[in-house]
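Heads up, this note's numbering is the position in the first sequence plus 42, with the first residue counted as 1.
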Amino acid sequence: MTPEDDFAQWYQDIVKKAELAENGPVRGTMVVRPYAWRIWELMQGYLDQMFKDTGHENAYFPLLIPESYITREADHIEGFAPELWTVTKGGGRDLEEPAVIRPTSETVIGEMMSKWIQTHRDLPLLLNQWANVMRWERRPRLFLRTSEFNWQEGHTAHADRDDAMEETLRMLDVYETFAVRDMALPVVKGEKTPSERFPGAENTYTIEGMMRDGKALQSGTSHYLGTKFSEAFDIRYQSKTNERTLAHTTSWGVSTRLIGAVIMAHGDAKGLVLPPRIASHQVVFVPVMAHKEPKVSDEADRLAKELKAAGVRAHVDHRDQKPGYKFNDWELKGVPLRIEIGPRDLEAGTVTIAQRLGRDDEHGNPIKDAVAMGDLVRHVTERLATYHDFLLARATEFRDANTKQVDTWDEFVAQVKTGWASVLYDGTEATEQKIKEATSATPRCIPSDYPAEEGACFVTGAPSAFGKRVVFGRSY
RNA sequence: CGGCGUGUGGCCUAGCAUGGUAAGGCGCCUCGUUUGGGACGAGGAGAUCGCUGGUUCGAAUCCAGUCACGCCGACCA
């Protein structure tokens, strides 16, 4: 199965065959297997460090939220009501007040913030939590949309709009940096149009990645919540001039959906392709003839230890299988570098390196390079770095080749079948609706780095909105 | 939630029209031979055929309901 034949089927095959995840016993739930959870742990590591570097502290808030909290902010409840899971019993008895399982934690954290914030000296309050949330999903897909998923949610409170907006955009930048630097995923960063905003947000910002079928995946969002939740939960502080003032809040999150992004942005017919910085194993050794020549295993173990000491995630595959089986297996699992080591290598004092992607012969098989054992650590370290650059460049080329500026309806319809279209449009929901009905494309974002441009809407001819082009595409 | 489709050992599938108590491949276990691109032979384990009910002497097969999964749509940070 290749991504070109049937993208949806290909995706499911990879998730299953690469041992990433499977369905849980309750509809819409997901079991994340160790190989994928390791990827998530690595992602968490990078993100958590960046959150701390930008002054945030981790905390933990309860899974269960009083039902009444959710209803306090009008837009919020309207948006989330259809997706809530509600607990009505505890210890076999009906609860006095039903509790909802958090779909997101603005409400319960808002409630706590109102208690913790007294004066302007308590601001900004910069929090993050790593947690699971639940939303009823009508059509679950592993990693992309499941009823329960793991994520991080940042929640912050600020003295004024400017400070909160700065935070909102700062964290959006953190997400962009992470996507590019750690996932080799180029993203388009920008603001959501009003119809695509988070329920309860004044503004929503997003990073959008292009998958290999040309569809967009919303990969991270950052929201400026204004004073909506402060009003609902009474988050006020005493200002320097002794006035009781509403705080401005933000929230921002990324989830295990990012694992889906990695699969769909980099994968190919052979299977998963993992960018080195988030690869569970960066290097896998495949010993050859180890049963006849015990030194082979010893040398593999020794070299792996050297690599580990240098900070490389190396693994030695001691399984009792033939080498060819292991080659295919690790390619399916997307390991960046494979090192073959056998009697021939021992004699020559070398190992044989094959790269998962980007260094293939005319038949699509990896070109194997001999590398001196003494030079292995340096070579591998460099290879991993250039491999990352290669994946990023490849994904960027793909995205750019499938993004077009268009100015007519016909061009637009053709373009969003396979990629993204950047257009001038009037910004109305009616126009968005018309586009969606005809093409199933929706506005992905108003890119931050697009130049100012105005003109006539390509659908209605009315003056364009937002002062620049907007990217449309089909999305997950 | 609407339309279409699919549920048979861990995985893929045959059997179903014309009911008679489940077959093959892969995988798994044991032994031997093999090992630089998915090995081979011999022996072996493993399924109340998604679930519930109905029809029948008898149901994987027919009927009804239900659950799960997939695709499309609607919905969805």
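The beta carbon of each residue, even a glycine, is placed where N, CA and C say it ideally should be.
- By the Cβ neighbour-count rule, methionine 85 is buried, with 16 or more other Cβ atoms within 10 Å of its own.
- Here phenylalanine 93 has Asn170 as same chain residues with Cβ atoms under 6 Å from its own Cβ, once five neighbours each way along the sequence are excluded.
- Here the C-alpha atom of tryptophan 127 lies approximately 41 Å from the C-alpha atom of histidine 357.
- Cβ-Cβ distances below 6 Å link histidine 197 to Ile151, Leu169, Ser293 in the same chain, with the five nearest sequence neighbours on each side left out; the list follows chain order.
- If one requires a minimum length of 3 residues, the beta strand (DSSP E) runs lying completely within the segment 139-186 are 167-176, in chain order.
- Taken in chain order, the complete alpha helix (DSSP H) segments of 4 or more residues contained in the segment 73-149 are 76-95, 109-112, 116-122.
- Residues Leu345, Gly391, Thr392, Val393 of the same chain have their beta carbon placed closer than 7 Å to that of methionine 415, with the five preceding and five following residues left out of the count.
- Within the segment 417-466, the complete beta strand (DSSP E) segments of 3 residues or longer fall at 445-447, 462-465, listed in chain order.
- Nearest to glycine 400 by alpha-carbon distance, out of Leu434, Asp417, Ile320, is Leu434.
- Distance from the CA atom of aspartate 164 to the CA atom of histidine 360, rounded to whole angstroms, is 56 Å.
- For proline 329, the enclosing beta strand (DSSP E) starts and ends at 325-329.
- A distance below 6 Å between beta-carbons, with the five flanking residues on each side excluded, links alanine 321 to the following residues of its chain, in chain order: Pro378.
- Checking the DSSP bridge columns, you'll see alanine 199 partnered with Leu167, Thr291.
- If you look at serine 189, you'll find it isn't in any beta strand (DSSP E); DSSP assigns it neither H nor E.
- The DSSP-derived three-state label of arginine 386 is helix.
- Per DSSP, tyrosine 53 is not a residue of any beta strand (DSSP E); the alpha helix (DSSP H) it occupies stretches across 49-59.
- In the structure shown, isoleucine 305 falls within a helical segment according to DSSP collapsed to helix, strand and coil.
- Per DSSP, reduced to three states, the secondary structure at phenylalanine 508 is coil, with no helix or strand assignment.
- In terms of CA proximity to glutamine 51, Gly309 leads the group Gly309, Thr96, Thr484.
- In the DSSP assignment, alanine 311 falls outside any alpha helix (DSSP H) and carries neither an H nor an E.
- Out of Val354, Arg486, Leu314, the CA that lies nearest to the CA of leucine 62 is found in Leu314.
- Across the structure, glutamate 64 and serine 506 are spaced so that their CA atoms are roughly 45 Å apart.
- Residue state for glutamine 475 is assigned as helix, using DSSP reduced to three classes.
- By the neighbour-count definition (other C-beta atoms within 10 Å, threshold 16), histidine 405 is an exposed residue.
- For the pair glutamate 99 and lysine 282, the Cα-to-Cα distance works out to about 25 Å.
- Note: arginine 380 is bridge-paired with Val326, Ala396 in the DSSP secondary-structure output.
- By the CB criterion at 7 Å, serine 272 and alanine 289 fall inside the cutoff.
- Close CB contacts of alanine 311 within its chain, under the 6 Å cut and outside five residues either way in sequence, are with Thr44 (chain order).
- Phenylalanine 500 carries a coil assignment under DSSP once its states are collapsed to helix, strand and coil.
- Between glycine 232 and isoleucine 488, the C-beta gap is smaller than 7 Å, which places the two residues in contact.
- Going by beta carbons, phenylalanine 185 and arginine 299 fall inside the 7 Å limit.
- In this structure, alanine 60 sits near lysine 375, with a CB-CB distance shorter than 7 Å.
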